[in-house]
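Novice: Counting along the sequence shown from 1, when you hit position 284 you're at 457 in my numbering, and nothing is skipped either side.
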Amino acid sequence: MKAAVFERFGEPAEVLQVRDVPEPHPGPGEVRVRMILSPVNPSDMMVVRGRYGVLPSLPSTPGFEGVGVVDEVGPGLLGRLVRGKRVLAINGAGGNWAEYAIIPARQARPIADDIPDEQAAAAFVNPTTVLALVRHVLKVRRGEWLLQSAAGSTLGRMVIKLGRHDGFKTLNVVRRREAIDELKALGGDAVISSSDGPIDEQVRRIAGPDGVRHAIDPVGGDTGAAMFRSLAPEGRLMLYGTLSGEPIPVDPRLVISGQRTIEGFWLGHWMRARSIPASLLVFREVASMIRKGVLASEIGRTYPLAELGEAVKEADAVGRHGKVLLRL
Ligand SMILES: NC(=O)c1ccc[n+]([C@@H]2O[C@H](COP(=O)([O-])OP(=O)(O)OC[C@H]3O[C@@H](n4cnc5c(N)ncnc54)[C@H](OP(=O)(O)O)[C@@H]3O)[C@@H](O)[C@H]2O)c1
174 MKAAVFERFG EPAEVLQVRD VPEPHPGPGE VRVRMILSPV NPSDMMVVRG
224 RYGVLPSLPS TPGFEGVGVV DEVGPGLLGR LVRGKRVLAI NGAGGNWAEY
274 AIIPARQARP IADDIPDEQA AAAFVNPTTV LALVRHVLKV RRGEWLLQSA
324 AGSTLGRMVI KLGRHDGFKT LNVVRRREAI DELKALGGDA VISSSDGPID
374 EQVRRIAGPD GVRHAIDPVG GDTGAAMFRS LAPEGRLMLY GTLSGEPIPV
424 DPRLVISGQR TIEGFWLGHW MRARSIPASL LVFREVASMI RKGVLASEIG
474 RTYPLAELGE AVKEADAVGR HGKVLLRL
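1) Give me whichever residues DSSP pairs with alanine 281 in a beta bridge.
2) Should the segment 454-469 be called in touch with the segment 429-440, which here means at least 3 C-beta pairs below 8 Å?
3) Which residue's Cα is closest to the Cα of arginine 377: Ser403, Pro199, Tyr273?
4) Under DSSP, the beta strand (DSSP E) around valine 347 begins and ends at which residues?
5) When DSSP labels each residue in this structure, what does methionine 174 get in the three-state scheme?
6) Using only the heavy atoms of ligand 1, determine whether one of them is closer than 7 Å to the beta carbon of serine 216.
7) What residue from Pro195, Pro406, Asp395 has the CA that sits closest to proline 422's CA?
8) Helix, strand or coil for glutamine 432 per DSSP?
9) Report buried or exposed for glycine 408, applying the criterion of at least 16 other Cβ atoms within 10 angstroms of its Cβ.
10) For lysine 334, which of helix, strand or coil comes out of DSSP?
11) In this structure, does DSSP put serine 520 in helix, strand or coil?
12) Can you find a heavy atom of ligand 1 that lies under 7 Å from the Cβ of alanine 300?
13) Keeping to the same chain, check which residues put their C-beta closer than 6 Å to that of threonine 415; ignore five residues upstream and five downstream.
14) Beta-carbon within less than 8 Å of proline 420's beta-carbon, same chain only, minus the 5 sequence neighbours each way: which residues are those?
15) Just checking serine 326 against ligand 1 - is the residue's beta carbon closer than 7 Å to any of the ligand's heavy atoms?
16) Among the candidates Ala398, Gln432, Gly418, Asp390, whose CA atom is the shortest distance from the CA of alanine 405?
17) Take the Cβ of aspartate 287 as the centre, count every other Cβ of all protein chains shown within 10 Å, and call the residue buried at 16 or more, exposed below.
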């Protein structure tokens with residue numbers, strides 16, 4: 174079969190190759206998924222660059238999520254239940270950028286027929302993170318402000334739409350002024366650019382002198398520091414990405430005197446802490462919000478696996494619109 178393979182960590186456009194590799198077969202408790210589509214997410218790119226929290230042994234194939242059909246099952250009851258079904262393939266070890274992927278049977282989640290392949294392919298990483306972070310961890314209430322950076326990302330746009338749906342207000346930070354009008358049109362209550370002066374000063378002009386109780390940041394570095402300075406006493410900043418690759422310089426006085434906190438969120442860790450019934454409820458909640466369009470991903474270009482190099486370049490482009498997908 175054809176698979177995207179990298180033998181060393183580095184720039185995805187340089188180190189990724191499409192290769193012929195042996196077709197895999199599932200072992201006990203596993204299923205084989207004939208992959209249809211898989212998105213190019215920042216986490217996949219970070220793994221290839223060797224900058225993710227957990228790294229695979231090499232050579233390796235990226236791809237944490239995607240949609241496909243279960244075409245072979247290993248011994249075990251769960252596999253038999255999903256044989257022949259179209260599933261969301263959650264691949265915690267990576268490996269979905271291939272014609273076939275092996276995953277644990279419990280991570281093959283059947284998808285309802287009314288959810289199209291493009292949405293099913295990206296139904297886990299971003300939509301579940303948004304629900305988990307905003308509704309389950311921060312529990313943002315109606316009328317409250319939620320401050321977010323990188324607000325033009327696929328995930329950030331879902332947060333804006335969830336704000337309209339759930340009744341909380343979003344204060345959105347982007348790095349390019351050109352993105353402001355678009356995010357306002359999407360429903361962002363306030364949109365500011367980090368190029369227009371210190372983020373925390375802009376936030377206090379909008380949300381009031383105390384600042385905000387909730388903030389989420391996938392950027393880090395000076396942006397993350399300014400997000401932290403935007404917090405009201407007892408406010409919480411959730412870090413969930415490392416887009417800048419920079420550490421966050423924090424004034425300890427703000428942590429000590431105001432009881433402000435910085436926490437990390439990682440979807441894999443959060444899901445593992447759920448019981449099976451609780452995670453089924455989360456998947457049901459996600460599917461219903463995808464149907465409503467609230468947690469639907471904006472989809473960009475779809476590339477065949479043979480054009481992998483173009484796909485990863487496009488995924489990295491500044492100001493790109495929509496999630497890049499690989500057709501497998
Ligand atoms: N912790 C978790 O479990 C978890 C789960 C899901 C996602 N995430 C994280 O969520 C983030 C967004 O994911 P996504 O799929 O929505 O991303 P995406 O659609 O690829 O969008 C990336 C966005 O980040 C912006 N950006 C990139 N580098 C930046 C920088 N140095 N400073 C400021 N903005 C920057 C881009 O801005 P432009 O529009 O200006 O180009 C773009 O809007 C990623 O960091 C991802 O790793 C984490």
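Each residue gets a CB set at the ideal place from its N, CA and C atoms; glycine is no exception. Note that the coordinates shown come from a computational prediction; the quantities given were computed from them, not determined experimentally.
Specialist: The relevant details are as follows:
1) Mapped onto the sequence shown, residue 281 falls at position 108. The partner list for alanine 281 (beta bridge, DSSP) reads Ala262.
2) no
3) Here the question's residue 377 lines up with position 204 in the sequence shown. When only C-alpha atoms are compared, the closest one is Ser403.
4) Position 174 of the sequence shown holds residue 347. Start and end: 342-347.
5) Counted from its first residue, the sequence shown places residue 174 at position 1. Residue state, collapsed to three classes: coil.
6) In the sequence shown, counting from the first residue as 1, residue 216 sits at position 43. Yes, since a heavy atom of ligand 1 falls inside the 7 Å radius drawn around the Cβ of serine 216.
7) Position 249 of the sequence shown holds residue 422. Ranking Pro195, Pro406, Asp395 by Cα distance to proline 422 puts Asp395 first.
8) Walking along the sequence shown from the start, residue 432 turns up at place 259. Here glutamine 432 sits in coil by DSSP.
9) Here residue 408 refers to the residue found at position 235 of the sequence shown. Per the 10 Å Cβ criterion, buried.
10) As a position in the sequence shown, residue 334 is number 161, starting the count at 1. Lysine 334: helix per DSSP, three-state reduction.
11) Because the chain in this structure spans residues 174 to 501, residue 520 falls outside the shown range and cannot be described.
12) Here the question's residue 300 lines up with position 127 in the sequence shown. The amino acid at residue 300 is misidentified as alanine; the sequence shows proline. Outside the cutoff, so no.
13) Stepping through the sequence shown from its first residue, residue 415 is reached at position 242. Gly393.
14) What you label residue 420 is simply residue 247 of the sequence shown in a count that begins at 1. Hits under 8 Å: Gly393, Gly394.
15) Taking the sequence shown and counting its residues from 1, the one referred to as residue 326 is at position 153. Yes, the Cβ of serine 326 comes within 7 Å of a heavy atom of ligand 1.
16) Indexing the sequence shown from 1 puts residue 405 at position 232. It is Gln432.
17) Numbered from its first residue, the sequence shown carries residue 287 at position 114. Answer is exposed; the Cβ neighbour count stays below 16.
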